[in-house]
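*Asks:* Please read through the structure below; I'll follow up with questions.
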Amino acid sequence: MAIRDFIFTAQPSRVVFAKGSLSQLAEEVKALGARRALVLCTPQQRAQAQQASDLLGEMSAGIFDGAQMHVPIEVARVAREHAKAVGADCAVAIGGGSTIGLGKAIAMESALPIIAIPTTYAGSEMTPIYGITEAGAKKTGRDIRVLPKTVLYDPNLSVGLPLGMSVVSGMNAIAHAAEGLYAKDGNPVMSLMAEEGIRALALGLKGIAQNASDMDARSECLYGTWLCGSVLGHVGMSLHHKLCHVLGGSFNLPHAETHTIILPHALAYNASAAPQAMQRIAKALGAPHAAEGAFDLAKQLGAPMALREIGMKEADLEQACKISMSNAYWNPRPLEEVALMGLLRNAWAGDRPNSLSI
Ligand code: NAD
Numbered sequence: 315m316a317i318r319d320f321i322f323t324a325q326p327s328r329v330v331f332a333k334g335s336l337s338q339l340a341e342e343v344k345a346l347g348a349r350r351a352l353v354l355c356t357p358q359q360r361a362q363a364q365q366a367s368d369l370l371g372e373m374s375a376g377i378f379d380g381a382q383m384h385v386p387i388e389v390a391r392v393a394r395e396h397a398k399a400v401g402a403d404c405a406v407a408i409g410g411g412s413t414i415g416l417g418k419a420i421a422m423e424s425a426l427p428i429i430a431i432p433t434t435y436a437g438s439e440m441t442p443i444y445g446i447t448e449a450g451a452k453k454t455g456r457d458i459r460v461l462p463k464t465v466l467y468d469p470n471l472s473v474g475l476p477l478g479m480s481v482v483s484g485m486n487a488i489a490h491a492a493e494g495l496y497a498k499d500g501n502p503v504m505s506l507m508a509e510e511g512i513r514a515l516a517l518g519l520k521g522i523a524q525n526a527s528d529m530d531a532r533s534e535c536l537y538g539t540w541l542c543g544s545v546l547g548h549v550g551m552s553l554h555h556k557l558c559h560v561l562g563g564s565f566n567l568p569h570a571e572t573h574t575i576i577l578p579h580a581l582a583y584n585a586s587a588a589p590q591a592m593q594r595i596a597k598a599l600g601a602p603h604a605a606e607g608a609f610d611l612a613k614q615l616g617a618p619m620a621l622r623e624i625g626m627k628e629a630d631l632e633q634a635c636k637i638s639m640s641n642a643y644w645n646p647r648p649l650e651e652v653a654l655m656g657l658l659r660n661a662w663a664g665d666r667p668n669s670l671s672i
């Protein structure tokens, strides 16, 4: 037993979770007091957006299919103008973190309520965190106005997510929960959700690796996504998210793949400083150690395991280390340049971490 010491501020959002919940979209729009919903998507997900728009019938204000990775400010501006021009009083973001990110960028300026319908496992729908890219730099922040008011989780919509993308986006969500378990501002509710979220995603991902259309496994993954996304929305992140932000922002590495590769190494780095969190992560993964368990899970699922495989140059590792050391996030173990460089080298090579030796 230990003395408990925490603050927990719950963030309000309504979650509707069911196979086929997309069919409830029109009622959910009405429940928000809205009458004209603009549907947002990427060009690749136009068909799913059309399905949503058809379900809305007269309440559809049409489709904006210009969502792009990293939410370029130019796209956000065009989408905001478009929402105004068509008289939208609500936006429905159907897609992954990029589309939901566009919804958030609209909400930030207009306070338009957002209904998010996630089709990946990234978890953005449960957070008040936004990211907008301007002049090549991605600015991120927290603003309660961008938190989607309603989230519809429908496992039917992620069945078409290819296995490779499912795995890396699921590992991205696991990373939110893992860091939530040792967050400086963590709390018992979020720790329960984090542990359960990791367990559900590890189980669900193994299920879809066997059969990508297994609806129980798809549902388990989405359930884990809700839990892990909630953790990201409520507590602060540490070294792992900092490193991924640097590698994505300054070296243009793909988001979810980078999370997948870095997570085991960040956990190994923090193993000795956060032993209780590591025990809970390991238990949720069904493995003896958290770092090795995360590595083995990703490898078993066929994910890329090395930064060199996803475009990182060895010569850039030192620069990545320097940027990560500057303006560092809080981390359970202080950032030490030599050890951090070791972490990056291991992640670059794709070596299995050894949390007992770091
Ligand atoms: P994504 O939204 O960039 O989607 C990648 C591609 O997959 C897109 O072309 C998309 O249309 C397609 N896709 C999505 N769902 C599909 C499906 N079911 N079937 C077929 N194709 C599908 O990928 P992501 O990993 O969900 O999101 C990554 C972005 O989200 C990053 O920019 C990241 O920074 C952001 N993010 C933000 C938060 C937050 O809290 N703000 C949290 C996690 C991620």
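Each residue of the sequence shown is one higher than the one before, starting from 315 at the first, in the working numbering. All residues carry an ideal CB built from backbone N, CA and C; glycine is no exception. As the structure is a prediction and not an experimental result, all values here were calculated from the model.
(1) Can you grab the Cα-Cα spacing for the pair Q633 / R391, in whole Å?
(2) Throw me the rounded Cβ distance for the V560 and A497 pair, which I believe falls under 8 Å.
(3) Nearest CA to the CA of A570: which residue from L611, E388, G484?
(4) Report yes if the C-beta distance between A405 and R350 is below 7 Å; otherwise report no.
(5) Answer with buried or exposed for A588, where buried requires no fewer than 16 other C-beta atoms within 10 angstroms of its C-beta.
(6) Going by DSSP, what residue range makes up the beta strand (DSSP E) through C404?
(7) Do the stretch 486-496 and the stretch 562-580 touch if we need at least three Cβ pairs shorter than 8 Å?
(8) Should L475 be counted as a contact of ligand 1 given a C-beta to heavy atom distance under 6 Å?
(9) Would you tell me roughly how many angstroms separate the C-alpha atoms of C535 and S640, rounded to the nearest one?
(10) Please go through the same chain and pick out, in chain order, the residues whose beta-carbon is closer than 7 Å to the beta-carbon of L611, but skip the five residues on each side of it.
(11) How many Å lie between G409 and I317 at the Cα?
(12) Going along the chain, which residues of its own chain have a beta-carbon closer than 7 Å to the beta-carbon of F565, five neighbours each way excluded?
(13) Among C542, N668, Q614, which residue has its Cα nearest to the Cα of V503?
(14) Whose CA, out of D499, L581, L615, lies closest to the CA of L658?
(15) Any beta carbon from chain C within less than 7 Å of A588's own beta carbon?
(16) Check S669 in the structure and name its three-state DSSP category.
(17) Quickly, what does DSSP pair A676 with across the bridge? List them, please.
(18) CB of I443 to nearest heavy atom of ligand 3: below 6 Å?
(19) Could you tell me the alpha carbon to alpha carbon distance between Q325 and Y467, rounded to whole angstroms?
(20) Which residue's Cα is closest to the Cα of G450: E651, T539, D319, I387?
(21) Using 6 Å as the cut-off, classify the Cβ of G450 as near or not near the heavy atoms of ligand 1, replying yes or no.
(22) Can you tell me where the beta strand (DSSP E) holding L466 begins and where it ends?
(23) Across which residues does DSSP place R328 in a beta bridge pair?
(24) Around the C-beta of V652, are 16 or more other C-beta atoms found within 10 angstroms, so that it is buried, or is it exposed?
(25) Who are the near neighbours of G396 in its chain, counting only those whose CB is closer than 6 Å to its CB and skipping five residues on each side?
(26) Compare the C-alpha of M422 against each of R328, G445, T539 and name the closest.
(27) With respect to the alpha helix (DSSP H) encompassing G518, which residues constitute its N-terminal and C-terminal limits?
(28) A491: beta carbon under 6 Å from a heavy atom of ligand 1?
(29) Any heavy atom of ligand 1 inside 6 Å of the beta-carbon of H548?
(30) Rounded C-beta distance between L519 and L615? I'm assuming under 8 Å.
(31) Let me know the secondary structure DSSP gives Y537 once reduced to three states.
(32) Taking contact to mean 3 or more Cβ pairs, one atom from each stretch, closer than 8 Å, check whether the stretch 508-515 and the stretch 640-650 are in contact.
(33) Taking 6 Å as the cut-off, is the CB of Q325 close to at least one heavy atom of ligand 1?
*Replies:* For this structure:
(1) Spanning the two alpha carbons is a distance of roughly 33 Å.
(2) That belief does not hold up - the Cβ atoms of V560 and A497 are roughly 19 Å apart, past 8 Å.
(3) Looking at the Cα atoms, G484 is the closest of the given residues.
(4) Taking C-beta atoms as the reference points, A405 and R350 fail to come closer than 7 Å.
(5) By the neighbour-count rule (16 or more Cβ atoms within 10 Å), A588 is buried.
(6) Looking at the DSSP string, the run of the beta strand (DSSP E) that includes C404 is 404-409.
(7) The stretch 486-496, when compared against the stretch 562-580, does touch it at the 8 Å Cβ threshold.
(8) Distances between the C-beta of L475 and the heavy atoms of ligand 1 include at least one below 6 Å.
(9) Distance between the alpha carbons of C535 and S640: 35 Å.
(10) Correct list, in chain order: A516, L599.
(11) For the pair G409 and I317, the Cα-to-Cα distance works out to about 42 Å.
(12) These residues qualify, in order along the chain: M626, D630, A634.
(13) Taking V503 as reference, the option from C542, N668, Q614 with the minimal CA-CA separation is C542.
(14) Of D499, L581, L615, the residue nearest in Cα terms is L581.
(15) Absent here is chain C; the protein component of the structure consists of one chain.
(16) Residue state, collapsed to three classes: coil.
(17) There is no way to answer for residue 676, as the model of the chain reaches only from 315 to 672.
(18) Only ligand 1 can be found as ligands here, which leaves ligand 3 out of the picture.
(19) Each residue's alpha carbon lies about 18 Å from the other.
(20) The option with the nearest alpha carbon to G450 is I387.
(21) Taking non-hydrogen atoms of ligand 1 into account, the C-beta of G450 is found less than 6 Å away from none of them.
(22) It spans 464-467 - the beta strand (DSSP E) in which L466 sits, taken as one unbroken run.
(23) Looking at the DSSP output, R328 bridges to T464.
(24) Exposed is the call here.
(25) Strictly speaking, residue 396 in this sequence is His, with Gly absent from that position. Sequence-distant Cβ neighbours of H396 in its own chain, meaning closer than 6 Å and more than five residues away, are F378.
(26) Just measuring C-alpha positions, the residue of R328, G445, T539 sitting nearest M422 is G445.
(27) Where G518 is concerned, the enclosing alpha helix (DSSP H) stretches over 502-524.
(28) No, Cβ of A491 sits at least 6 Å from all heavy atoms of ligand 1.
(29) Outside the cutoff, so no.
(30) With a contact defined as Cβ atoms closer than 8 Å, L519 and L615 qualify at about 6 Å.
(31) Y537 falls in the helix class under three-state DSSP.
(32) Contact fails: fewer than three Cβ-Cβ distances are below 8 Å.
(33) For Q325, the shortest separation between its Cβ and any heavy atom of ligand 1 does not lie below 6 Å.
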